[in-house]
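Report on the structure given below.
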Amino acid sequence: MVILLTGLFLGGIYALIAMGLSLQYGVARIMNLASGEMLVAGAFAGFWVYTAFSVSPYVALFFVVPLAFAFNWLIYNWLLLPLVRRAKNRGQLEVDSILATFGMSFVLVGVMLMAFGGSYFSYSWLARPIELLGSNYSQNRVLAFAVAAVICGGLYLLINRTRLGLSIRAVAVDPRAAGLVAIDVKKVAALTFALGGAVAAAGGTLLSTFLTFDASIGVVFTIKALVIVIMGGVGDIRGAIVAALALGLAETLVATLLDPGLTLAAAYLLFILILLFRPQGLFGRSAL
Amino acid sequence: MKRWLMIKKLLPLALAGSMTFLSAAQAAEPILIGAAASKTGPMAGGAAVTYWPNVKLWEHEVNARGGLQMADGSKRPIRIIEYDDRTDPAETIRAVQRLATNDRADFILAPYSTGLALAAAPIFDRYGYPMVNVSTITDQTDTLSARYERIFFTLGKTSVLAAGVVDALVQLREAGEIGNRVALVNVADAFGIELAQAARPALQEKGFEIVFNRSYPLGTQDLTPVMRGAAAARPDAFVAFSYPPDTFALTELAQVENLDVKVFYTAVGTPFPSYKGRFGDAINGVMGVGGVNADSDAFQAYQKRHQEVTGQAPDFWASAVQYASFQVLEQAIEGVGGVDRAAVTDYIKNNTFQTVMGEWRFENQQIRSYWTVGQWQDGEFKGIASEGNLPGAVAPTIKNGWK
Numbered sequence: 001m002v003i004l005l006t007g008l009f010l011g012g013i014y015a016l017i018a019m020g021l022s023l024q025y026g027v028a029r030i031m032n033l034a035s036g037e038m039l040v041a042g043a044f045a046g047f048w049v050y051t052a053f054s055v056s057p058y059v060a061l062f063f064v065v066p067l068a069f070a071f072n073w074l075i076y077n078w079l080l081l082p083l084v085r086r087a088k089n090r091g092q093l094e095v096d097s098i099l100a101t102f103g104m105s106f107v108l109v110g111v112m113l114m115a116f117g118g119s120y121f122s123y124s125w126l127a128r129p130i131e132l133l134g135s136n137y138s139q140n141r142v143l144a145f146a147v148a149a150v151i152c153g154g155l156y157l158l159i160n161r162t163r164l165g166l167s168i169r170a171v172a173v174d175p176r177a178a179g180l181v182a183i184d185v186k187k188v189a190a191l192t193f194a195l196g197g198a199v200a201a202a203g204g205t206l207l208s209t210f211l212t213f214d215a216s217i218g219v220v221f222t223i224k225a226l227v228i229v230i231m232g233g234v235g236d237i238r239g240a241i242v243a244a245l246a247l248g249l250a251e252t253l254v255a256t257l258l259d260p261g262l263t264l265a266a267a268y269l270l271f272i273l274i275l276l277f278r279p280q281g282l283f284g285r286s287a288l
Numbered sequence: 001m002k003r004w005l006m007i008k009k010l011l012p013l014a015l016a017g018s019m020t021f022l023s024a025a026q027a028a029e030p031i032l033i034g035a036a037a038s039k040t041g042p043m044a045g046g047a048a049v050t051y052w053p054n055v056k057l058w059e060h061e062v063n064a065r066g067g068l069q070m071a072d073g074s075k076r077p078i079r080i081i082e083y084d085d086r087t088d089p090a091e092t093i094r095a096v097q098r099l100a101t102n103d104r105a106d107f108i109l110a111p112y113s114t115g116l117a118l119a120a121a122p123i124f125d126r127y128g129y130p131m132v133n134v135s136t137i138t139d140q141t142d143t144l145s146a147r148y149e150r151i152f153f154t155l156g157k158t159s160v161l162a163a164g165v166v167d168a169l170v171q172l173r174e175a176g177e178i179g180n181r182v183a184l185v186n187v188a189d190a191f192g193i194e195l196a197q198a199a200r201p202a203l204q205e206k207g208f209e210i211v212f213n214r215s216y217p218l219g220t221q222d223l224t225p226v227m228r229g230a231a232a233a234r235p236d237a238f239v240a241f242s243y244p245p246d247t248f249a250l251t252e253l254a255q256v257e258n259l260d261v262k263v264f265y266t267a268v269g270t271p272f273p274s275y276k277g278r279f280g281d282a283i284n285g286v287m288g289v290g291g292v293n294a295d296s297d298a299f300q301a302y303q304k305r306h307q308e309v310t311g312q313a314p315d316f317w318a319s320a321v322q323y324a325s326f327q328v329l330e331q332a333i334e335g336v337g338g339v340d341r342a343a344v345t346d347y348i349k350n351n352t353f354q355t356v357m358g359e360w361r362f363e364n365q366q367i368r369s370y371w372t373v374g375q376w377q378d379g380e381f382k383g384i385a386s387e388g389n390l391p392g393a394v395a396p397t398i399k400n401g402w403k
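Top to bottom, those sequences are chains A and B.
Residues 1 to 288 in full-length UniProt numbering are what the first sequence spells out, letter by letter.
Residues 1 to 403 in full-length UniProt numbering are what the second sequence spells out, letter by letter.
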């Protein structure tokens, strides 16, 4: 039970990290290697709000989300749209966007280094125990999980229950066909990319409440998100959520019962197994 | 295939972009000093506390008094050339090579952290540069000193640091404060592994029972299972040979789990000012690696200058030693009166230096007196055990809860 809950809390955070990339890659077809940096930017915002104004870091969400949304929207329209226009096929767009966002990640790391310096950042907020079903958990982790669950749930509803969501899903399935039924593919892709960036930044703010981070830690989360997105199936946020929870559970299980040193091995074993038996990912469709 | 080829071709371009820009300040015939250490990657956080601020402070202090005194009576300022090694040994080697052959640096400061410095050691040797290491902690110091005639070590050996922890535990046990049960965890990286390997037999030899023993990979995001396992084993003492991010995480989790121990030890990161900044008074009684003589005038003056010039406080362990290593280089260059690297190396071997750490003399290319264990007492991290009987050590106390 303890393992289950701890794993769930970890998995919930992973889900949020991966969700942003899942949206960006699944719909806008941009493999955004700077996703982790967006997350770190969100973490810095949480840190700054807490240390400068001594208010709950969650307050940062109110400006982090709109700012990250606007910033990513601009990035898509200025930086990535030219790539989308000139790409002859999906493969080429992927390569181009990987290179462009890879470069962008260096720029973002550099900017954050200049602004905040390279040292470790962390603060204590709600580092108190809360008792659930007979054992202790840190309040900050539990709260982060709850907020992550709300965000994931909201996104799920948005995508499956609204008209915008319908367009998003249509673009994810086939951008060309979506265009034929009067969906403004460019606009939907830009919106989704921006939404993905906002989700990643929000995830960073949540993470900052319990994780020690520095300006260049983003790549760790990019890789984690990448693994989860591919495990879950490209372009399906259900898949990302399930894969993230599975990963969190597997890591906690191994760390508790076997050895913490084997968590990475367990994560990649799970990854390989899924790739072997379901190469398209848990919920993925076969390539079009 | 084509895709990957393209990525491979473009990678170096992207990487070059991340290099630090050189400082443009040009004075009359400055002495060029190369510095290749981490500004990004896992070691960047530690380097930003211990390494880079001291480089800045040293440059500022030397140039503020007009530069280094040369034999012909002139004074030459120093100019620092900085490179980011991205915490990648291959990149460290490349940067040092570049400093030696391309920038023609007169001297090169040793990189930050054990792995990166050891990777660069052969390059320093090949190009004939003296290498005064600080954050390079290994038990191979004797072997390396024999192999490389220009290498120097200042911060100690892993086995001695581990022995310091064991001694502190023995001392408290003899005072009747703690029992025999020890939980031992370590980060699975060169530093943590070496320390744990040294501590395990040393603890057993002194009759301690290791009731919990785990390692975890560098960058583990959730250490809850580790802390929970340790708490379940009901230890009297918790010893973690950890790196800064995990030091912070373990300390927070100990409070969440209300880990009831009489001794709580975490390694790198514990003497950082930000550690206290984060946890406040809860850390009173926490032990950590290193320490300083917090009451010495030399350290207090250094602390003040560090704060004034860099805008941040030094840590309570390697910071002052880092600065002392630069003072060694500075005094050796002035002692020789020039930038002849062979002469400077000989000077370092055969002379005594006045540093913020007190009087230093290298024995077999190593400094034999250094702090091994410190403890947060009344808001200051004080040395409680040292190799070579450094002055200013205080007695260890037990940890009384997390309030």
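Glycine is no exception: its CB is placed at the ideal position from the N, C-alpha and C atoms.
Here the structure is a predicted model, which means the values were calculated and not measured.
By the beta-carbon neighbour count (other beta carbons within 10 angstroms, threshold 16), E359/B is exposed. If you check the CB distance, Y123/A and R278/B come in under 8 Å. Under the three-state reduction of DSSP, E177/B is assigned to coil, being neither helix nor strand. Rounded to the nearest angstrom, the gap between the Cα atoms of R163/A and N54/B is 58 Å. Excluding the 5 residues flanking it on each side, P273/B has same chain C-beta neighbours closer than 6 Å at A313, in chain order.
Here V182/B is bridged, per DSSP, to I210/B and A237/B. Residues of chain A with a Cβ closer than 7 Å to the Cβ of A188/B are, in chain order, G261. Counting C-beta atoms within 10 angstroms of its own C-beta, M114/A has fewer than 16 neighbours from the protein chains shown and is therefore classed as exposed. The residue from A267/A, S208/A and L33/A with its alpha-carbon nearest to that of V219/A is L33/A. For a cut-off of 8 Å, the C-beta gap from F238/B to Y265/B is around 7 Å, short enough to register as a contact. For K382/B, the uninterrupted beta strand (DSSP E) segment begins and ends at E380 to E387. Note on geometry: alpha-carbon atoms of E94/A and T222/A lie some 16 Å from one another. The beta carbon of F299/B does not come within 8 Å of any beta carbon belonging to chain A, so the residue lies off that interface. Cβ neighbours of T114/B within its own chain (closer than 8 Å, five residues either side excluded): S135, T136, I137, T138, A190 and F191. In summary, the residues of the segment 109-127 of chain A whose CB is separated from some CB of chain B by less than 7 Å are V109, G110, L113, G117, G118, S119, Y120, S122, Y123, S124 and A127, in the order they occur in the chain.
For Y216/B, a Cβ of chain A is located within less than 8 Å of the residue's own Cβ. DSSP lists F152/B as the beta-bridge partner residues of V132/B. Two segments are said to touch when three or more pairs of C-beta atoms, one from each, lie closer than 8 Å; by this definition the segment 319-338 of chain B touches the segment 350-369 of chain B. Secondary structure at S119/A: coil, using DSSP grouped into helix, strand and coil. Your pair F316/B and G290/B checks out as a contact, with CB atoms roughly 7 Å apart and the cut at 8 Å.
Nearest in C-alpha terms to F106/A, of all of K39/B, A71/B, L172/B and T141/B, is K39/B. Bridge pairing for Y83/B: A36/B [DSSP]. Check the Cα spacing between N186/B and each of V344/B, M227/B and D72/B: the tightest is with M227/B. Chain order gives the chain A residues near P244/B as Y120 and T212, where near means a beta carbon separation below 8 Å. Between L257/A and F121/A, the alpha-carbon positions lie close to 31 Å from each other. Contact annotation: in the segment 216-239 of chain A, residues whose CB is within less than 7 Å of a CB in chain B are S216 and V220.
Straight-line measurement puts the Cα of S369/B at about 35 Å from the Cα of I217/A.
Bridge pairing for Q366/B: F153/B and E363/B [DSSP]. Under the three-pair Cβ rule at 8 Å, the segment 44-60 of chain A does not count as touching the segment 234-250 of chain A.
Distance from the Cα of N133/B is smallest, within the candidate group G288/B, L109/B and A183/B, for L109/B. Taken through DSSP and simplified to helix, strand or coil, G46/B comes out as helix.
Looking at the backbone, the Cα of Q97/B and that of R104/B are separated by about 10 Å. The shortest CA-to-CA distance from G156/B to any of V170/B, A202/B and Q365/B is the one to Q365/B.
At a C-beta separation below 7 Å, L264/A has these neighbours in chain B: P217.
Judged by their CB atoms, Y129/B and F107/B are nearer to each other than the 8 Å cut-off. Taking V263/B as reference, the option from D88/B, V170/B, P42/B and Q300/B with the minimal CA-CA separation is V170/B.
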